[in-house]
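Okay, so here's the structure we're looking at.
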Amino acid sequence: MRMKYVLSEVLVGLWRNVTMTIAMIITMGVSLTMLGASGLIYTKVADMKELYFENIEVSIFLKTDVTEEERTDLATRLEADPLVSQVTYVDKEEAFKRFQEMFRDSPDLLSAVKADQLPESYRLKLVNPEEYKTISDQYAAVGGVDQVVDQSQVLDKIFNLFTAGQNVALAAAVAMAVAALLLVANTIQVAAYSKRREVAVMKLVGASNWFIQAPFVLEAVVAGLIGSILGLGALVALKKFLFDDALSALQGLFAPVSWGEVFLTFPVMAGVGGLISAVTAWVTLRFYLRV
Numbered sequence: 001m002r003m004k005y006v007l008s009e010v011l012v013g014l015w016r017n018v019t020m021t022i023a024m025i026i027t028m029g030v031s032l033t034m035l036g037a038s039g040l041i042y043t044k045v046a047d048m049k050e051l052y053f054e055n056i057e058v059s060i061f062l063k064t065d066v067t068e069e070e071r072t073d074l075a076t077r078l079e080a081d082p083l084v085s086q087v088t089y090v091d092k093e094e095a096f097k098r099f100q101e102m103f104r105d106s107p108d109l110l111s112a113v114k115a116d117q118l119p120e121s122y123r124l125k126l127v128n129p130e131e132y133k134t135i136s137d138q139y140a141a142v143g144g145v146d147q148v149v150d151q152s153q154v155l156d157k158i159f160n161l162f163t164a165g166q167n168v169a170l171a172a173a174v175a176m177a178v179a180a181l182l183l184v185a186n187t188i189q190v191a192a193y194s195k196r197r198e199v200a201v202m203k204l205v206g207a208s209n210w211f212i213q214a215p216f217v218l219e220a221v222v223a224g225l226i227g228s229i230l231g232l233g234a235l236v237a238l239k240k241f242l243f244d245d246a247l248s249a250l251q252g253l254f255a256p257v258s259w260g261e262v263f264l265t266f267p268v269m270a271g272v273g274g275l276i277s278a279v280t281a282w283v284t285l286r287f288y289l290r291v
């Protein structure tokens, strides 16, 4: 009987302040959407780093006047280096073939470059791709070496851009969460004020603190859970219309977002939304009702 009364009071309370309830749900939904999106961005950036690091090569380009002795000494040193897992020698002919494949859509550039103009090189796979700077320091001054180029120098800039976007999304989620908390607290205060006489009567007849506070706390929890459902719907829409449609041509460059990852964010969003709403409502009641 008590549980039935509490649930009925929750429904009445949500309907009594319907405009503030809707505002609270929408704000909570937006903040949880930003939280879920930032979580997905974080995991995707981590996946992309791992994927790209596995395919990173360090290229050691040789001088045009490199001697056979310098070339042999460098190859021997690379083969014995514990930081290097694989060494591939690329002569001028092979370098020209790769150049033609890379710039096959630029005939003017292809006609301007001859095979003997491209340098020989050694392409290295590292045991730990993050140690590319050590390789550069060791071989930049070796005889016959022109320059050491590492793909991760470019990737670092890309990942920094992704990380900045991740931080912006997280900051926006925090800001929206603060706004949602303030709305929850304000809504609970208004609801408690509108029922102040009923609360006073319940105190006089000996109702427990839990019994008085439960409807208000559950109102906030229900709003938080509905907001998490809205957040899940927003993530589903982003997955469908942004990643699967608008950005489908870039799927080879970015780690794909699976439906499983999208739906796995829902328990997190629901837990965060419900818990934060409950704690905010309880703290507000402790200070406002003094029960």
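Note that the UniProt record's numbering numbers the sequence shown so that position 247 is 247, with each residue one more than the last.
We put the beta carbon where it would ideally sit given N, CA and C, even for glycine.
By the CB criterion at 8 Å, L32 and G273 fall inside the cutoff. Rounded to whole angstroms, the gap between the alpha carbons of P129 and P215 is 56 Å. Cβ-Cβ distances below 7 Å link F266 to S228 and L232 in the same chain, with the five nearest sequence neighbours on each side left out; the list follows chain order. When DSSP states are grouped into helix, strand and coil, V87 belongs to the strand group. The residue from L126, M24 and N160 with its alpha-carbon nearest to that of E79 is L126. As DSSP reads the structure, Q147 sits in a beta bridge with F61.
Using a Cβ distance threshold of 8 Å, T163 and V45 count as a contacting pair. With contacts defined as CB atoms closer than 8 Å, S136 and D150 qualify as a contacting pair. Taking C-alpha positions only, N160 is separated from V174 by approximately 21 Å.
Distance from the Cα of Q189 is smallest, within the candidate group K114, K63, R286 and Y52, for R286. Secondary structure at L225: helix, using DSSP grouped into helix, strand and coil. Between S38 and A223, the gap from beta carbon to beta carbon reaches 8 Å or more. Taking 8 Å as the cut-off, the beta carbon of L230 is found closer than this to the beta carbon of G29.
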